[in-house]
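Below: the structure, in structure tokens.
Residue numbers (the numbering used here): 1 to 106.
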């Protein structure tokens, strides 16, 4: 399915409910599969290296198409959960601080 069609189909709801910040945890399909196998007794039929690779590519395409409309923060998901959480909290804290400053200057 073409990415432009998906974006167009979701454009009405995106305009009504656009998030202030999108956080994307970018994890390689290989690391994702390792974590799935380590933390579960089984995987779902769509949780394959091939499908995870396709999904990652589609997200990349969507971000390129929407970069002027969306605030997207991408974090390296191949690292430990603690480091990922620290990076996300730093970005969200900074974002919220800027929002508060903007609000107080209006």
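Backbone N, C-alpha and C fix where the C-beta goes; we use that ideal spot for every residue, glycine too.
On a predicted model such as this, the values are computed, not experimentally measured, just so you know.
Short of 7 Å from the beta carbon of residue 36, and not among the five residues preceding or following it, lie these beta carbons of its own chain, in chain order: 43 and 47.
Nearest C-alpha to residue 3 among 100, 57 and 101: 57.
In this structure, the beta-carbon distance from residue 75 to residue 25 falls below 7 Å.
Along the length of the stretch 13 to 57, whole alpha helix (DSSP H) runs at least 4 residues long occupy 29 to 39, reported in chain order.
Between the alpha carbons of residue 19 and residue 93 lies a gap of roughly 16 Å.
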